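Protein chains in written order, with UniProt numbering: chain Z, 1 to 356; chain R, 1 to 356; chain W, 1 to 356.
Built from N, CA and C at the ideal position, the CB exists for glycine as well.
The structure displayed is predicted, hence computed values, not measured ones.
Structure (structure tokens):
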């Protein structure tokens, strides 16, 4: 692909999406155009983050990667929170987690497995990721359990949500300091020259100031496109009879994660399965341990606290995704059939969410 | 045991069972006689399948083994479906899965463990089996979850059941092509000359035509005996006050799996634990991924679609069996105490099902 | 610390607690004093048991260790059973299990991890412990499931409870004979000279008769102090508005396990992580497989059978603790972040139990 195609497509899709929004074109068309724009803008944001990270040095760079990695999801979710669409926020967080653990990871393992008989990656990091996934489920599951089995007041539910959110953010900060400071080398060793295999490898290295400018520009663009996209969702659910759950958990999630999808699959097909697993699993962990808690605090500061109580089927979907992903990654070896199993579980969940 | 004993016993028990049925003897006696006959006929079917498999070549042979392995359960279940006893079908599928994972595997590990301090088998296949078990639970669990938490119409439930059943059958076909074509050698290596240790080793090698004739004969006999057996169950539940759940999940399942039981235990006592694990775990996977979906399609073609919604305690029983079996097999080493733990879980489930 | 401090503190706290009880001091003060006394008396009981074990020889000694290890919890629970406070019994058993798996294990791994980058212990025993934990959950979970989904009579529930309790005690006896007789050496090898690293290493070796006298004295003291402590709990829940659940699951459990806490953490900081894990995990297994069933039989002989049906949130708390502890220990290596994760889960549960 020629170098100028990507910026051109970025500009065209962004402008088309803007025109569609302000000229108030048909909502279905607006949805399609802003969806396409989100994919390109998210990719641009990813490259800009990489470039800033390059200049910021490894540690701060890693942190920037980690926090901007899910920026598109975070910003989309912010607008959903602002509009008080809490159910769709939770559905889209759910969708993002299961989308990464089942669709992104499944496609990566399947595609990689078609080219390579068995693909290996380090068991230690897989185990650590598995434990973090379990903690993420627990943090979502326990409040819901207490909410469903006890007559807990609305205020206590919100207080509990804020406390749990706080605990998760602290855990996430501790994870950053663990993986980037105290046990940096320990984890670097195990992923075989992690820096080389990260998806960032082909990121453009613009000059420092340009990079920062691009990062600001990309964030602003993501913010706009996300708002345009969110604006169309309600019409969409009405017009096509999709449930909020299905739109949030599948449509929004797939669009918001498009950049990760392609990066992970390309890495897997280059036999860099460790990096592909990290993108998919790491991204879903960020959603649960950082994005979700931040949204709860954001809603609190906006004056209308969103609680952390997910619905039973959302929790089941997340638990199911974690169990199968943990089972498949824990031996540090994958093959095409294991990728297929992840896709099978995604399909079963998708059909179920659609039919409800 | 002399060679002629087995055919003689087969004939005698079959004829006695037939006489009992057509002369309309006491139903309890009919139940006992047809149960004994099922055990022998299932053994005969097993040997006939082996023999045909021998002539059919390894690949087709493996497929025949896989599909005829649970033929007795499948045929018993067909008659239950035909009579519309959907609850008992699901109970017997549940019983077959937990019977294989807890009773067959538990007795094998316990008996083998009394003779050998530690018995080893390959970890890779154990991990793969574990992931398949998780997928099997998910496929049963997700529809039930949606059914119990949402007001989903009867038609949508049946549609979802058919779709999930279709997905499972495709997954099973993919598993066959994975384990018998693309990764045949990979899995053969890990089970140490798999062909030699399979239970099939003592299967008689009759001539080709005779084998096919025997296979047809055995299938017909299983069909008859299964129908006679099923006919007595309702009287049995009425007369002894057993619940359908207990009869389906424990009595029918133990009888239907008798052949696997003895084969797996004998292999374990010969220190061929890998093969014993494969019979027990493989058989339970077949029930969940192939037999159950086929029965749903069969019921659809009979005009009265059985849904895939299992009761909560059936799902709990299956989940419980999968978790403990996965935990015990995943390190690729077993001892007598681990066998005992599986039997303990079976006993707890059995007592609970009996008392309800 | 000078040698005479501990006996002096033991005597002073015991006497103060006695005075507070019989002079009927303020209940909050009584609670504080008897709590402190329990900690010292439990420590004394621990050392006395060690000393008797030393003379009794390894096998019987191991058995004494195992059965007296949780003597304080057992005796506290006896008095709760006697007063018919079944809900608080179950809450305190729950608290003891999660306290050991999350707080004791978490602090040990965290404290050890601050001193050592990675701490290793044997994978085989970790796997076996994991399977036992799963069986423990199943034994608690299955009766509750049947109780909640079926109209099972009160009598049948108690019968089922007694049967399950009997099965668990037999399993525990089998575990003792497995780990101390048939596979003693197998497990000794894997924990690297287990005898040397057990917490017992600094236990005083008094003369034989003195040791037995001390053991009797310590048991009597524990019995008294426990009764005084239990007597204050109800006032405490009334005065401070704590729920029975929170008092039982957090306050009583932390006090009753204080001795284990310090022993395990000290071992972890000496890089004897295998022994620390065994104290924490082994203690929680004893509670589930031995203490809880014994209490059910005790209540039966007292004429008012306590059933084994735990509440949903107790089961969730136990399941959650088992899953994360199993996930973190199963690779046989720990670091400070994994300890933090266990503490995070304990904190989430604690806040939730407090707010309900």
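Check: Can you give the Cα-Cα distance for residue 176 (chain W) and residue 125 (chain W), rounded to whole angstroms?
Finding: Indexing the third chain from 1 puts residue 176 (chain W) at position 176. Indexing the third chain from 1 puts residue 125 (chain W) at position 125. Rounded to the nearest whole angstrom, the CA to CA distance from residue 176 (chain W) to residue 125 (chain W) is 14 Å.
Note to self: Between the region 33-42 of chain Z and the region 220-231 of chain Z, can you find at least three pairs of beta-carbon atoms closer than 8 Å?
What the structure shows: When C-beta atoms of the region 220-231 of chain Z are compared with those of the region 33-42 of chain Z, three or more pairs fall below 8 Å, so the two segments count as touching.
Margin query: Counting C-beta neighbours from all protein chains within 10 Å, is the total for residue 127 (chain R) 16 or more, i.e. buried, or is it exposed?
Written below: Translated into positions along the second chain, residue 127 (chain R) becomes position 127. Label assigned to residue 127 (chain R): buried.
Note to self: Please classify residue 331 (chain Z) as buried or exposed, where buried requires at least 16 neighbouring CB atoms within 10 angstroms.
What the structure shows: For the purposes of this step, residue 331 (chain Z) is identified with residue 331 of the first chain, where counting begins at 1. Per the 10 Å Cβ criterion, buried.
Check: Hey, out of Z:160, Z:27, Z:47, whose CA is closest to residue 70 (chain Z)'s CA?
Finding: Along the first chain, read from residue 1 onward, the residue named residue 70 (chain Z) stands at position 70. Among Z:160, Z:27, Z:47, the Cα nearest to that of residue 70 (chain Z) is on Z:47.
Next item on the list: Run down chain Z in chain order and give the residues with a C-beta less than 7 Å from the C-beta of residue 328 (chain W).
Entry: Taking the first residue of the third chain as position 1, residue 328 (chain W) is located at position 328. By Cβ distance, chain Z contributes 131.
Check: For residue 153 (chain Z), which of helix, strand or coil comes out of DSSP?
Finding: The count along the first chain starts at 1 and reaches residue 153 (chain Z) at position 153. If DSSP states are grouped into helix, strand and coil, residue 153 (chain Z) belongs with coil.
Next item on the list: Within 10 angstroms of the Cβ of residue 7 (chain R), are there 16 or more other Cβ atoms? Answer buried if so, exposed if not.
Entry: Working through the second chain from its first residue, we reach residue 7 (chain R) at position 7. That one is exposed.
Next item on the list: Determine the DSSP secondary structure at residue 30 (chain R), reduced to helix, strand or coil.
Entry: Taking the first residue of the second chain as position 1, residue 30 (chain R) is located at position 30. It is helical.
Item checked: Contacts of residue 352 (chain Z) in chain R (Cβ-Cβ under 7 Å) -> Taking the first chain and counting its residues from 1, the one referred to as residue 352 (chain Z) is at position 352. Within 7 Å Cβ-Cβ: 142, 143, 146, 160.
Item checked: Min CB distance residue 149 (chain W) to chain R below 7 Å -> Your numbering for residue 149 (chain W) matches position 149 in the third chain. Chain R contact via Cβ: present.
Item checked: Closest residue to residue 233 (chain R) among R:99, R:264, R:80, R:309 (Cα-Cα distance) -> The residue you call residue 233 (chain R) lines up with position 233 of the second chain. Nearest option by C-alpha distance: R:80.
Notebook entry, point to check: Between the region 294-310 of chain Z and chain R, which residues of the former have CB atoms less than 9 Å from a CB of the latter, in chain order?
Noted result: none
Notebook entry, point to check: Which chain R residues sit within Cβ distance under 9 Å of residue 331 (chain W)?
Noted result: The residue you call residue 331 (chain W) lines up with position 331 of the third chain. Chain R residues near residue 331 (chain W): none, gap ~11 Å exceeds 9 Å.
Item checked: Any chain Z beta carbon closer than 7 Å to residue 46 (chain R) -> Indexing the second chain from 1 puts residue 46 (chain R) at position 46. By this cut-off, residue 46 (chain R) is not an interface position.
Note to self: I want to verify the contact list: residues of chain W whose CB lies under 7 Å from the CB of residue 338 (chain R), in sequence order.
What the structure shows: As a first step, residue 338 (chain R) is located in the second chain; it is residue number 338 there, counting from the start. Result: 131.
Notebook entry, point to check: What residues are listed by DSSP as bridge partners for residue 119 (chain W)?
Noted result: Residue 119 (chain W) sits at position 119 when you count from the first residue of the third chain. Bridge partners of residue 119 (chain W): W:334.
Note to self: So the candidates are Z:49, Z:102, Z:162; which of them puts its Cα closest to the Cα of residue 219 (chain Z)?
What the structure shows: Within the first chain, the letter at position 219 stands for residue 219 (chain Z). The residue from Z:49, Z:102, Z:162 with its alpha-carbon nearest to that of residue 219 (chain Z) is Z:49.
Notebook entry, point to check: Per DSSP, what kind of secondary structure is residue 270 (chain R) in: helix, strand or coil?
Noted result: Indexing the second chain from 1 puts residue 270 (chain R) at position 270. Three-state DSSP puts residue 270 (chain R) in coil, outside helix and strand.
Item checked: Three-way DSSP call (helix, strand, coil) for residue 344 (chain R) in this model -> Taking the first residue of the second chain as 1, we reach residue 344 (chain R) at position 344. Helix at residue 344 (chain R).
Checklist line | Cutoff 7 Å: residue 323 (chain W) Cβ touching any chain Z Cβ | finding: Counted from its first residue, the third chain places residue 323 (chain W) at position 323. Nearest CB-CB separation between residue 323 (chain W) and chain Z: below the 7 Å threshold.
Check: Quick one: is residue 181 (chain Z) buried, meaning 16 or more other Cβ sit within 10 Å of its Cβ, or exposed?
Finding: Stepping through the first chain from its first residue, residue 181 (chain Z) is reached at position 181. Per the 10 Å Cβ criterion, exposed.
Checklist line | Neighbour flag for residue 10 (chain W) against chain Z, beta carbons, 7 Å | finding: Position 10 of the third chain, counted from the first residue, corresponds to residue 10 (chain W). So no, residue 10 (chain W) is outside the interface.
Notebook entry, point to check: Using a Cβ-Cβ distance under 7 Å, would residue 348 (chain Z) count as near chain R?
Noted result: Locating residue 348 (chain Z) in the first chain gives position 348, counting from the first residue. Taking Cβ atoms only, chain R reaches closer than 7 Å to residue 348 (chain Z), which makes this a yes.
Item checked: Nearest-angstrom Cα separation, counted from residue 276 (chain R) out to residue 344 (chain R) -> If you number the second chain from 1, residue 344 (chain R) lands on position 344. If you number the second chain from 1, residue 276 (chain R) lands on position 276. Approximately 19 Å, taken between the alpha carbons.
Note to self: Is there a C-beta anywhere in chain R that falls below 7 Å from the one on residue 127 (chain W)?
What the structure shows: In the third chain, counting from the first residue as 1, residue 127 (chain W) sits at position 127. Chain R, which has a Cβ nearer than 7 Å to the Cβ of residue 127 (chain W), makes this yes.
Margin query: As a quick exercise: from R:296, R:333, R:337, pick the residue whose alpha carbon is nearest that of residue 160 (chain R).
Written below: Within the second chain, numbered from 1, the residue matching residue 160 (chain R) stands at position 160. It is R:296.
Next item on the list: Please work out which residues of its chain come closer than 6 Å, Cβ to Cβ, to residue 129 (chain R), disregarding the five sequence neighbours upstream and downstream, and give them in chain order.
Entry: Your numbering for residue 129 (chain R) matches position 129 in the second chain. The answer, listed in chain order, is 281.
Next item on the list: Determine the contact status of residue 51 (chain W) and residue 151 (chain W), defining contact as a CB-CB distance below 7 Å.
Entry: Numbered from 1 along the third chain, position 51 holds the residue referred to as residue 51 (chain W). Numbered from 1 along the third chain, position 151 holds the residue referred to as residue 151 (chain W). Against a cut-off of 7 Å, the Cβ pair of residue 151 (chain W) and residue 51 (chain W) comes out as no contact.
Next item on the list: Below 8 Å on the Cβ atoms is my guess for residue 237 (chain R) versus residue 243 (chain R); work out the distance and round it to an integer in Å.
Entry: For the purposes of this step, residue 237 (chain R) is identified with residue 237 of the second chain, where counting begins at 1. For the purposes of this step, residue 243 (chain R) is identified with residue 243 of the second chain, where counting begins at 1. Confirmed, about 7 Å.
Next item on the list: Below 8 Å CB to CB, which residues in the same chain sit around residue 216 (chain Z) once its five sequence neighbours on both sides are set aside?
Entry: Stepping through the first chain from its first residue, residue 216 (chain Z) is reached at position 216. Within the same chain, residue 216 (chain Z) has no close Cβ partners at all.
Item checked: Min CB distance residue 320 (chain R) to chain W below 7 Å -> In the second chain, counting from the first residue as 1, residue 320 (chain R) sits at position 320. Residue 320 (chain R) counts as touching chain W.
Notebook entry, point to check: Would DSSP call residue 232 (chain R) helix, strand or coil?
Noted result: By 1-based counting over the second chain, the position of residue 232 (chain R) is 232. Here residue 232 (chain R) sits in helix by DSSP.
Check: Quick one, which of R:249, R:158, R:183, R:137 has its alpha-carbon nearest residue 289 (chain R)'s?
Finding: Taking the first residue of the second chain as 1, we reach residue 289 (chain R) at position 289. Per the Cα distances, R:137.
Check: In chain order, what residues of the same chain have a beta carbon less than 7 Å from the beta carbon of residue 17 (chain W), not counting five sequence neighbours either side?
Finding: Numbered from 1 along the third chain, position 17 holds the residue referred to as residue 17 (chain W). Excluding positions up to five away in sequence, the list reads 33, 34, 37, 225, 228.
Check: How big is the Cα-Cα spacing for residue 15 (chain W) and residue 30 (chain W)?
Finding: Walking along the third chain from the start, residue 15 (chain W) turns up at place 15. Walking along the third chain from the start, residue 30 (chain W) turns up at place 30. Between residue 15 (chain W) and residue 30 (chain W), the C-alpha separation is close to 12 Å.
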